[in-house]
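This report concerns only the one structure given below.
Residue numbers (this note's numbering): 14 to 255.
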């Protein structure tokens, strides 16, 4: 008797398809690591640049404000100095803004006339009066402490030295004019010593004019630098020098 089902083979199962390996998905371009790193670097550079730009502009603003404040202080000091100079020189000089003051203008013609043997146009008394006025002006100039006026007013050492030198030269100039007037008076009243006295008076007058020119140039330059220039009469050019 045959066994039911014996000898029958089971049907083979069909082969399964191989499993697919996972395919890596690339992240969006903006999320890639190197892109993020580059973006962060660029952002950092931009931030540093902006900070530097802001700092530079703030520094420039501070420097500009400091310069404006310093010049305002300088103008204040120069105005005080100018007021004193004009007061002290007003009685013996013709002041015309930044033009070189005209001082003791009758001394040189008198000396020239004495040299030529012509009428000097002035007397010994006239010269004595002028000498007294010049002595008073020199005394006032010598008492004025310009160094105290400009102290702590924004001037650097070079500017301060130039201003004090200007004051000293202007004072010495008036003193030299004073001596020239005195010697001219003596020449007028002492005919026997006239030639010697005229020569000495001329030398003192030359010294006075040189000192005046140097001191006044320093004064006008200091005024210009402080933003308070002296007005020049029409047709005159600014003086140069130190």
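The beta-carbon is built from N, C-alpha and C at its ideal position, and this holds for glycine as well.
Item to check | Terminal residues of the alpha helix (DSSP H) in which residue 122 lies | outcome: One-based indexing of the chain shown puts residue 122 at position 109. It spans 120-129 - the alpha helix (DSSP H) in which residue 122 sits, taken as one unbroken run.
Checklist entry - If you draw a straight line from the alpha carbon of residue 41 to that of residue 58, how long is it in whole angstroms? => result As a working note, residue 41 is residue 28 in the chain shown. As a working note, residue 58 is residue 45 in the chain shown. Taking the straight line joining both Cα atoms gives about 24 Å.
Next on the checklist: Need the endpoints of the alpha helix (DSSP H) that residue 224 sits in, please.
Outcome noted: For the purposes of this step, residue 224 is taken as the residue at position 211 of the chain shown. For residue 224, the enclosing alpha helix (DSSP H) starts and ends at 207-238.
Checklist entry - Going by Cα to Cα distance, which pick from 176, 238 and 99 is closest to residue 1? => result In the structure displayed, the chain extends from 14 to 255; residue 1 sits before or after that span and is not available.
Checklist entry - Apart from the five residues just before and just after residue 180, which ones in its own chain have a Cβ nearer than 6 Å to its Cβ? => result By 1-based counting over the chain shown, the position of residue 180 is 167. Sequence-distant Cβ neighbours of residue 180 in its own chain, meaning closer than 6 Å and more than five residues away, are 159.
Checklist entry - What residues match up with residue 112 in a beta bridge as DSSP calls it? => result Translated into positions along the chain shown, residue 112 becomes position 99. According to DSSP, residue 112 bridges with 109.
Next on the checklist: Can you look up residue 175 in the DSSP assignment and give me helix, strand or coil?
Outcome noted: For the purposes of this step, residue 175 is taken as residue 162 along the chain shown, with counting starting at 1. Assigned with DSSP and collapsed to three states, residue 175 falls in helix.
Checklist entry - How close, in whole Å, do the beta carbons of residue 210 and residue 220 come, if the pair is a contact with beta carbons under 8 Å? => result Here residue 210 refers to the residue found at position 197 when the chain shown is read from its first residue. Here residue 220 refers to the residue found at position 207 when the chain shown is read from its first residue. About 16 Å separates the two Cβ atoms, so there is no contact after all.
Next on the checklist: Using the Cβ count rule (16 or more neighbours within 10 Å means buried), how would you classify residue 135?
Outcome noted: The count along the chain shown starts at 1 and reaches residue 135 at position 122. Buried, by the Cβ-count rule.
Item to check | DSSP-derived helix/strand/coil call for residue 117 | outcome: Taking the chain shown and counting its residues from 1, one reaches residue 117 at position 104. Correct three-state label for residue 117: coil.
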